[in-house]
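Peer 1: As given, the protein sequences belong to chains Y and C, one line each in that order. Numbering-wise, the working numbering puts 180 at position 85 of the first sequence, and it's gapless, one number per residue. Numbering-wise, the working numbering puts 276 at position 194 of the second sequence, and it's gapless, one number per residue.
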Amino acid sequence: MLKIEDLHVFYGGIHALKGISLHVPKSKIITLIGANGAGKSTTLRTITGLVKAKKGSIKFLDEEILGYPAHKIVHMGIAMAPEGRKVFPNLSVLENLKLGAYFRTDESSIEKDLDWVYELFPRLKERKKQKAGTLSGGEQQMLAVGRALMSKPDLLLMDEPSLGLAPLLVKEIFEIVQQINEEGRTILLIEQNAKAALKIAHYGYVLETGRIILEGTGQELLNNEDVKKAYLGEA
Amino acid sequence: MSWESFFQNLSNGISLGGLYALIAIGYSMVYGILRLINFAHGDIFMLGAYIAFYGMLIFSLPWWLSLIVSIILTAFIGILIDKGAYKPLRNAPRISALITAIGVSFFLENLGLVVFGGRPKGFYRPHIFDEIITIKGVRILSLTFYSLVITAIFLVLLFYIVYRTKTGLGMRAVSTDMETARLMGIDVDKIISITFAIGSGLAAVGGVLWAMKYPQINPLMGIFPGLKAFIAAVLGGIGSVGGALLGGFILGIAEIMLVAFMPQLSGYRDAFAFLILILILLVKPTGLLGVEVKEKA
Ligand SMILES: Nc1ncnc2c1ncn2[C@@H]1O[C@H](COP(=O)(O)OP(=O)(O)OP(=O)(O)O)[C@@H](O)[C@H]1O
Ligand SMILES: [Mg+2]
Numbered sequence: 096m097l098k099i100e101d102l103h104v105f106y107g108g109i110h111a112l113k114g115i116s117l118h119v120p121k122s123k124i125i126t127l128i129g130a131n132g133a134g135k136s137t138t139l140r141t142i143t144g145l146v147k148a149k150k151g152s153i154k155f156l157d158e159e160i161l162g163y164p165a166h167k168i169v170h171m172g173i174a175m176a177p178e179g180r181k182v183f184p185n186l187s188v189l190e191n192l193k194l195g196a197y198f199r200t201d202e203s204s205i206e207k208d209l210d211w212v213y214e215l216f217p218r219l220k221e222r223k224k225q226k227a228g229t230l231s232g233g234e235q236q237m238l239a240v241g242r243a244l245m246s247k248p249d250l251l252l253m254d255e256p257s258l259g260l261a262p263l264l265v266k267e268i269f270e271i272v273q274q275i276n277e278e279g280r281t282i283l284l285i286e287q288n289a290k291a292a293l294k295i296a297h298y299g300y301v302l303e304t305g306r307i308i309l310e311g312t313g314q315e316l317l318n319n320e321d322v323k324k325a326y327l328g329e330a
Numbered sequence: 083m084s085w086e087s088f089f090q091n092l093s094n095g096i097s098l099g100g101l102y103a104l105i106a107i108g109y110s111m112v113y114g115i116l117r118l119i120n121f122a123h124g125d126i127f128m129l130g131a132y133i134a135f136y137g138m139l140i141f142s143l144p145w146w147l148s149l150i151v152s153i154i155l156t157a158f159i160g161i162l163i164d165k166g167a168y169k170p171l172r173n174a175p176r177i178s179a180l181i182t183a184i185g186v187s188f189f190l191e192n193l194g195l196v197v198f199g200g201r202p203k204g205f206y207r208p209h210i211f212d213e214i215i216t217i218k219g220v221r222i223l224s225l226t227f228y229s230l231v232i233t234a235i236f237l238v239l240l241f242y243i244v245y246r247t248k249t250g251l252g253m254r255a256v257s258t259d260m261e262t263a264r265l266m267g268i269d270v271d272k273i274i275s276i277t278f279a280i281g282s283g284l285a286a287v288g289g290v291l292w293a294m295k296y297p298q299i300n301p302l303m304g305i306f307p308g309l310k311a312f313i314a315a316v317l318g319g320i321g322s323v324g325g326a327l328l329g330g331f332i333l334g335i336a337e338i339m340l341v342a343f344m345p346q347l348s349g350y351r352d353a354f355a356f357l358i359l360i361l362i363l364l365v366k367p368t369g370l371l372g373v374e375v376k377e378k379a
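(1) Less than 6 Å between C-beta atoms, sequence neighbours within five positions excluded: which residues of the same chain meet that for L258/Y?
(2) With DSSP collapsed to three states, give me the class of E315/Y.
(3) Please look up how many angstroms separate the CB atoms of R207/C and Q90/C, rounded, as I've assumed it's under 8 Å.
(4) Would T300/Y pass as a contact of L117/Y if the rule is Cβ separation under 8 Å?
(5) Go to S87/C, then tell me how far its alpha helix (DSSP H) extends in each direction, as first and last residue.
(6) Any chance you could list the alpha helix (DSSP H) runs of at least 4 consecutive residues sitting entirely within the region 315-354 of chain C, in chain order?
(7) Which two residues bound the contiguous beta strand (DSSP E) that contains I128/Y?
(8) Less than 8 Å between the CB atoms is what I'm expecting for G305/Y and K113/Y, so what's the real figure, rounded?
(9) By the DSSP assignment, the alpha helix (DSSP H) with I268/Y in it spans what residues?
(10) Going by other Cβ atoms of all chains shown within 10 Å of its Cβ, with 16 needed for buried, is K378/C buried or exposed?
(11) Using the beta-carbon of each residue, find all residues closer than 7 Å to any heavy atom of ligand 2 and list them in chain order.
(12) Which value, in whole angstroms, describes the spacing of the CA atoms of V196/C and K169/C?
(13) So with CB distances below 7 Å, who are the chain C contacts of S246/Y?
(14) Nearest CA to the CA of L194/Y: which residue from G334/C, S110/C, L265/C?
(15) Is there contact between the region 147-155 of chain C and the region 286-300 of chain C, where contact requires at least three CB pairs shorter than 8 Å?
(16) Which same chain residues, not among the five before or five after N120/C, have their C-beta less than 6 Å away from its C-beta?
(17) Could you list the residues in the region 141-164 of chain Y with a C-beta less than 9 Å from some C-beta on chain C, going in chain order?
(18) Look at the alpha carbon of G172/Y and the alpha carbon of L250/Y, and state the distance between them as a whole number of angstroms.
(19) With distances taken from CA atoms, which of A336/C, D125/C, F198/C is nearest D352/C?
(20) For ligand 1, any of its heavy atoms closer than 7 Å to the Cβ of Y163/Y?
(21) Please list the residues of the region 165-180 of chain Y that have a C-beta atom closer than 7 Å to any C-beta atom in chain C, keeping them in chain order.
(22) Give every residue of the same chain whose Cβ lies closer than 6 Å to the Cβ of L283/Y, excluding the five residues on either side of it in the sequence, and list them in chain order.
(23) Within a Cβ cutoff of 7 Å, which residues of the same chain sit near A355/C, ignoring the five residues on either side of it in sequence?
(24) Can you pull out the residues from the region 149-183 of chain C whose beta carbon lies closer than 9 Å to at least one beta carbon of chain Y?
(25) I need the straight-line Cα distance from A255/C to I273/C, nearest angstrom please.
(26) I want to know whether the region 316-333 of chain C touches the region 120-138 of chain C - three or more CB-CB distances under 8 Å.
(27) My assumption, with CB atoms under 8 Å, is that G325/C sits in contact with L370/C. Please give the rounded CB distance.
(28) Given that L190/Y touches chain C, what residues does it touch there, using C-beta distances under 7 Å?
(29) Should D212/C be flagged as near chain Y, meaning a C-beta pair shorter than 8 Å?
(30) Identify which residue in T281/Y, E190/Y, D321/Y, G313/Y has its Cα closest to the Cα of R222/Y.
(31) With DSSP run on the structure shown, which of helix, strand or coil describes M253/Y?
(32) Determine the extent of the alpha helix (DSSP H) in which M266/C is found, giving its start and end residues.
(33) Under 7 Å from any heavy atom of ligand 1, does the C-beta of G95/C make it?
(34) How would you write the range of the beta strand (DSSP E) that V104/Y sits in, first residue to last?
(35) Can you say whether I275/Y is buried or exposed, counting buried as having 16 or more other CB atoms within 10 angstroms of its CB?
(36) Where do the N-terminal and C-terminal ends of the alpha helix (DSSP H) with M128/C fall, by residue?
Below is the structure:
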């Protein structure tokens, strides 16, 4: 569904992605793990068109999307729950969710999807009139995910959805990621929480300073000695 | 001061304040989205007045049709100014865009001098605006009253667009966080164009009403109303539509009252506005309704 080949991204003089290639097949959960500054967010931001690449190719459903403006990429069916939630703090929960469906015109199914998101995150329903800035961190994360879902994406990009959440909520978020996937949506997940991510992922990539150094099924990576040492905190 | 004359001054102040508000909103909306002070905004106001002038003079349109034509054409000019002058500088340091805005302002003023001529032109004031109406012994010009009504209609329309429509939601999202707005599938360039169109259209309304009030126009007529409206926008909290409205009315009423209560200071009328600007910048730089805005790099 998504195919990245030999992608190079620069920030001024910093070579942030040094020719990465990865493949996200339909209906799978793919995870990208790596240390701080490895280039994970850069990868997602390049897919969505927020960052321009110097070289390489990103194909979505066999169409080259590199160089497309961000809004067009979203229209094609890619949504992102960005790093740091990025909810609109001065707008209400409901307005935030409606923004997720901004470009859609099928009003009646938008209403249905709203109900679906409220079902996934009942807390958002209780707080729909509240300003998003007054939500707790965990609630804001739910809103960021719910908002991304409101675009009915074929491919959902998630940048550290569990960051800063209490263990119970982390578990809940991962369950929801799986649930969304079971409903047929493809997911590219970035996580610091490598263990949990690898457990639910069908396939994973390990990114280190702008290069993919390892890849394999979730289980393979969980059992890999190097991964254990560097990312799972096991000796 | 008698009750009648107080009321008379108040109605003048409200009507002037409404005009400031119409112009101030354009400053505030553009700033809210681009963090750019569009110094050419006062000159866009001037163009609005000239378009209506020629609409009535050359094409013999009725005043209301001239007003509508002026709104549409001025909105279009606003979009063109953005696309031609500001858009190429979107990723440049903000000071470049600011200096460009000053350049656009000089350009429009001088273009006006060349095309329209420097001599002031008398602006036709329709008869319904030229009557004296008496409300409980208070005599006011009918234009003062109707000007407020027309202003109110456009303000209601504006608030409806900003707070009740999808486009308005998009505008509010873009002004909060442009990058995340892109992730929502919002075409930011389109929202920016709409913002310039609305701001410029409202300035045209202000320009036409202003022209009927004095009733004459010249290519430099936008400078002072533009500066005052800018002060009003800062006073209310630049970036906030409600703030621009509040700032406009406060400034308009305060200015008229200053002249009414202290006629000996009437020569300082314009300086007074700047005094308010200095005070608000010292006491509450974010303005009355403004919130701290994150500076965009
Ligand atoms: N806007 C930017 N300008 C300059 N350098 C940047 C910018 N954004 C990221 N970088 C650099 O690019 C590299 C990769 O950053 P990126 O945000 O992709 O890392 P990450 O893997 O998401 O890290 P984290 O786990 O901390 O979120 C880092 O060295 C970072 O400093
Ligand atoms: Mg990151």
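Note that the Cβ used here is the ideal one computed from N, Cα and C, for glycine as well. Values in this document were obtained by computation on a predicted structure and should not be read as measured data.
Peer 2: In short:
(1) none
(2) helix
(3) With a Cβ gap of about 19 Å, R207/C and Q90/C do not count as contacting.
(4) The residue asked about is misnamed: residue 300/Y is Tyr in this sequence, not Thr. In contact: Y300/Y and L117/Y (Cβ atoms closer than 8 Å).
(5) 85-116
(6) 323-343
(7) 124-129
(8) Between the beta-carbon of G305/Y and that of K113/Y there is about 4 Å, and that keeps the pair under the 8 Å contact cut.
(9) 262-277
(10) With a pLDDT of only 47 at K378/C, under 50, the local geometry of the prediction cannot be trusted, and no value is derived from it.
(11) K135/Y, S136/Y, E178/Y, D254/Y, E255/Y, I285/Y
(12) 26 Å
(13) G267
(14) L265/C
(15) yes
(16) V112, A183
(17) T143, G144, L145, P164
(18) 6 Å
(19) A336/C
(20) no
(21) A165, H166, V169, H170, M175, P177
(22) V119, I125, L252
(23) Short of 7 Å from the beta carbon of A355/C, and not among the five residues preceding or following it, lie these beta carbons of its own chain, in chain order: K310, I313, L333, E337.
(24) So the list is empty, because no residue satisfies the distance condition.
(25) 10 Å
(26) no
(27) 6 Å
(28) Leu is not the amino acid found at residue 190/Y; the sequence shown has Glu there. Within chain C, the residues near E190/Y are L251.
(29) no
(30) E190/Y
(31) Strand, per DSSP.
(32) Neither: M266/C is in no alpha helix (DSSP H) and is coded neither H nor E.
(33) no
(34) 97-106
(35) The Cβ neighbour count for I275/Y, taken over all protein chains shown within 10 Å, is at least 16; the residue is labelled buried.
(36) 123-139
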